[in-house]
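These notes concern the structure reproduced below.
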Amino acid sequence: MNVWRKPLPVVLRENVMDKIGASPTWRWTGYENSFVILDGQIMQSVSGGSHWGGGLFISAMDQARFGYMTLRKGNWNGVQVISPQWIEKSRVPSPVQPNYGFMNYFLNTDKKEIPAAPEKAFFHLGAGTNMVYVDEENDLVVVTRWIKNDKKADLIKLILESLPK
0 MNVWRKPLPV
10 VLRENVMDKI
20 GASPTWRWTG
30 YENSFVILDG
40 QIMQSVSGGS
50 HWGGGLFISA
60 MDQARFGYMT
70 LRKGNWNGVQ
80 VISPQWIEKS
90 RVPSPVQPNY
100 GFMNYFLNTD
110 KKEIPAAPEK
120 AFFHLGAGTN
130 MVYVDEENDL
140 VVVTRWIKND
150 KKADLIKLIL
160 ESLPK
């Protein structure tokens, strides 16, 4: 917000969602108590998680579009939406939690999260285990909704096994 001087949902819409052709149905909601005044305008400053009353509410198709953009290292149809350096930084394991990267990237470090998947695969994960699985090796994006967390590895294994060899 401080960089763009605009509310976060506007920044997200203008700089990402519109560029990837997302539907107009997604919405970003901040916490009830996260308002700040910036340039005389009241804005919500923290999204939080959707299960705590804030966050990004988004369709599976829009999740797939976002996943495809990250699969293509931030590129959408020849337009660099997010810099490839940002995407790479997001995929570096954190020292405290090696299966977690920067900005909501969950990593398959040492194949601990999804043993059947390539170690370089990653996923975006939200409330209800809404997951966007991204696998460059198999040129694959998978969106799951409301799957049990302990079943995500089994599902991805079945999908990977179903791919032609």
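Residue 20 in numbering that gives the first Met the number 0 is what sits at position 21 of the sequence shown, and the numbering runs on without skipping anything. Even glycine gets a Cβ: it sits at the ideal position worked out from N, Cα and C.
- For Y132, the enclosing beta strand (DSSP E) has its first and last residue at N129 to D134.
- DSSP places G29 outside any alpha helix (DSSP H), giving it a letter other than H or E.
- Inside the region 50–83, DSSP marks whole beta strand (DSSP E) runs of 3 or more residues at positions 54–56, from first to last along the chain.
- Taking all protein chains shown into account, A126 has fewer than 16 neighbouring C-beta atoms within 10 Å of its C-beta and is therefore exposed.
- Nearest Cα to W3 within the set M42, G29, L159 and S161: M42.
- Each residue's CA atom was taken as its position, placing K111 and N98 some 8 Å apart.
- DSSP places I41 in the uninterrupted beta strand (DSSP E) bounded by Q40 to Q43.
- Three or more beta-carbon pairs separated by less than 8 Å are not found between the region 77–87 and the region 115–123, which leaves the two stretches without contact.
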